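Below is one structure, written out as structure tokens, with a few remarks after it.
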Amino acid sequence: MDLHLSNSDYSQSGLSHKEESLVPSSVFREYDIRGLANSEITNEFALSLGVALGELALSQDHQMFFVGRDARLSSPSLTVALCSGLKAAGCHVINLGEVTTPIVNFAIEHDPICKSGVMVTASHNPATYNGFKIIFDGKVISGQQLQQLESALRSNNFSPEASAPQITKGFISQYCQHIVSNSSIDRSFKIVIDAGNSVAGPIAVDLFKRLGCAVVPLYCDIDGSFPNHEPNPSVEKNLQDLIAKVASTGSDLGFAYDGDGDRLVVISGNGTIIWPDKLIMIFARDLLAKTPGGDIVFDIKSSMRLKELVIECGGLPTVCKTGHSHIRKAVRDQNALLGGEFSGHIFFNDRWGGFDDGLYAGMRLLEILCQQHNGRIKTLDEIVCEFKTSSYSPEILIPIPDEKKFLLMDSLQTNCVFVGGKIIRLDGMRVEYAGGWGLIRASNTTPNLTLRFEADDDIQLAAIKTRFRRELNPFIDQLEDYI
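Numbered by the numbering used here, the letters in the sequence shown go through residues 207 to 689 in order.
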């Protein structure tokens with residue numbers, strides 16, 4: 207069952223009764239609710255959200271929610287307010303405490319009754335942000351459903367009842383034990399874990415020790431101010447301490463996690479960053495060897511080499527809009543073996559529940575690294591060297607205010623022609639040439655435009671960047687500072 211919201215039932219007529227400052231439109235993103243804590247995401251907002259969600263759930267015979275939170279300093283009070291709203295609406299609340307988003311998904315998957323949940327988190331955003339990821343009947347609420355929820359929140363038509371019960375339940379040990387009991391790792395690895403002081407740290411250390419690894423913790427103590435670096439592993443500067451620690455400790459691998467544990471970036475033994483689209487190639491090849499003809503889903507930012515590899519391995523590639531909710535829905539709709547995106551969300555749907563989980567993805571990588579090839583075990587660096595190379599850029603971020611970025615993208619869509627290229631408008635503009643591609647799109651989680659480039663070699667990469675500079679220069683100031 208989907209969350210069905212009717213604009214006739216929850217109209218905008220309540221705007222005069224509820225100030226815009228309580229329900230700022232800017233916090234309703236493409237696939238979650240996210241904004242500045244204490245100014246946009248307030249305890250009053252969380253309370254109202256809880257009431258709105260609770261009453262809408264009860265109208266469809268859903269009476270129970272799991273609620274988890276990340277380690278941000280604002281998360282405890284927001285969680286209390288959210289739970290109060292849910293209970294006031296008449297819903298039962300199971301408080302999971304400080305957990306990762308995958309543990310909320312795991313709880314929903316394994317509980318026989320409760321199939322909805324809310325995670326209080328702003329994922330990889332800075333410590334000053336917070337937000338809510340909402341799962342209803344096992345599906346992520348996103349896009350139009352979030353916009354309709356905004357209308358419902360503004361309507362002020364809710365009539366809370368007496369408070370319903372709340373219980374506290376721990377799922378961390380059950381989650382770790384389930385992964386361990388369903389794994390096949392027959393050698394010990396020395397791994398460095400960098401969680402950026404996020405909630406993922408202690409859970410990841412516990413899990414990989416249970417898997418027999420020698421764990422070197424790096425920023426795994428919880429500190430919601432994120433004093434060492436933001437928990438965003440897709441930004442290269444945030445990986446430098448991890449790269450150095452892998453080298454200084456002689457470790458086999460480094461695992462970098464985000465603020466709520468659903469993303470993973472890996473550092474190889476020789477200090478190379480293994481970006482997630484390369485990880486997806488490793489996982490796809492392994493899965494397709496066992497299940498030929500399977501579907502593999504990935505986002506518009508991913509390498510052209512990924513699509514080539516899936517086809518070579520007999521799989522069916524599907525390209526999606528960027529965003530964990532889009533990938534998750536496509537994996538579910540197509541019953542795909544695997545989904546993933548360049549930011550590090552990886553969705554296993556063979557032995558796992560089809561939701562993104564950075565810790566579980568780390569375990570699956572270790573399983574592959576245990577496999578023997580002609581009597582010997584390959585390192586991660588050796589496996590990566592088997593793939594066809596390309597020249598590529600990291601993800602490039604150009605700061606643009608949230609209220610302007612989509613308008614700017616509309617202007618680019620209208621005015622840029624990219625002569626000689628094939629423009630794919632699935633999500634922004636991905637322009638494909640004979641020897642590579644470039645992408646520009648609006649981020650749905652941060653006030654940025656994002657760009658990425660890839661080509662067969664450095665010469666073609668530089669040529670594609672030049673074409674983009676020529677097209678974008680009239681619209682973006684100081685573009686030369688970025689590409």
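Just so it is clear, CB atoms sit at the ideal spot from N, CA and C, and this is done for glycine as well.
These numbers come from a predicted model, not from an experiment.
Take Leu543, set aside five residues on each side of it, and the residues of its chain with a beta-carbon closer than 7 Å to its own are Leu493, Thr497, Gly500, Asp501, Ile502, Asn555 and Asp556, in chain order.
Partner residues in the beta bridge of Leu459, as assigned by DSSP, are Ile397.
The Cβ neighbour count for Thr327, taken over all protein chains shown within 10 Å, is at least 16; the residue is labelled buried.
The beta carbon of Ala536 lies closer than 8 Å to those of Val503, Thr524, Cys526, Ala542 and Gly545 in the same chain, with the five residues before and after it left out.
Annotated as distal: Asp562 and Ile574, with beta-carbon spacing of 8 Å or more. Annotation: the continuous beta strand (DSSP E) that includes Gln372 extends over Gln372 to Thr374. In this structure Gly376 is exposed. Its beta-carbon is surrounded by fewer than 16 other beta-carbon atoms within 10 angstroms. Within the region 261 to 297, the complete beta strand (DSSP E) runs of at least 3 residues fall at 270 to 275. Closest in C-alpha terms to Tyr639, from the list Ala669, Ala648, Arg631 and Cys622, comes Ala669.
As a beta-bridge residue in DSSP terms, Trp643 pairs with Glu638 and Glu660. Two segments are said to touch when three or more pairs of C-beta atoms, one from each, lie closer than 8 Å; by this definition the region 250 to 267 does not touch the region 402 to 421. Selection Asn244, Leu522, Ser599 and Gly337 evaluated against Val273 yields Gly337 as nearest (Cα-Cα). The beta carbon of Gly564 is closer than 6 Å to those of Tyr463, Gly467, Asp468, Arg469 and Leu470 in its chain, skipping five residues each way along the sequence. Apart from sequence neighbours up to five positions away, the residues of its chain that approach Ala453 with a beta-carbon distance below 8 Å are Gly477, ordered along the chain. Rounded to whole angstroms, the separation of the alpha carbons of Gln577 and Asp483 is 21 Å. In the three-state reduction of the DSSP assignment, Ser361 falls in the helix class, which pools H, G and I. Check the Cα spacing between Glu601 and each of Arg534, Lys507, Ile300 and Ala450: the tightest is with Lys507. Out of Asn679, Ile399, Leu613 and Gln372, the CA that lies nearest to the CA of Val472 is found in Ile399. Secondary structure of Glu304 (DSSP, three-state): strand. Pro439 is the residue among Pro439, Glu514, Thr455 and Glu518 whose C-alpha sits nearest the C-alpha of Ile479. Of the residues assessed, Thr595 falls on the exposed side of the cut-off, its CB having fewer than 16 other CB atoms within 10 angstroms. With the rule of 3 Cβ pairs closer than 8 Å, the region 386 to 394 does not count as touching the region 296 to 313. A straight line joining the alpha-carbon of Asn244 with that of Pro680 spans about 37 Å. Of all alpha-carbon atoms in Leu614, Tyr688 and Pro653, the one lying nearest the alpha-carbon of Ser232 is that of Pro653. Residue pairing by DSSP places Asn336 opposite Gly241 in a beta bridge.
When secondary structure is reduced to three states using DSSP, Arg469 falls in the strand class. Rounded to the nearest whole angstrom, the C-alpha separation of His530 and Gly456 is 34 Å. Within the region 472 to 520, the runs of beta strand (DSSP E) at least 3 residues long that lie entirely inside it are, in chain order, 501 to 505.
Judged by DSSP in its simplified three-state form, Val299 adopts strand.
The Cβ neighbour count for Pro605, taken over all protein chains shown within 10 Å, is under 16; the residue is labelled exposed. Within the same chain, Cβ atoms closer than 8 Å to the Cβ of Asp587 are found at Ser474, Gly475, Asn476 and Thr478, the five residues on either side in sequence being excluded. Comparing alpha-carbon positions, the option among Leu288, Asp392 and Tyr335 lying closest to Met569 turns out to be Asp392.
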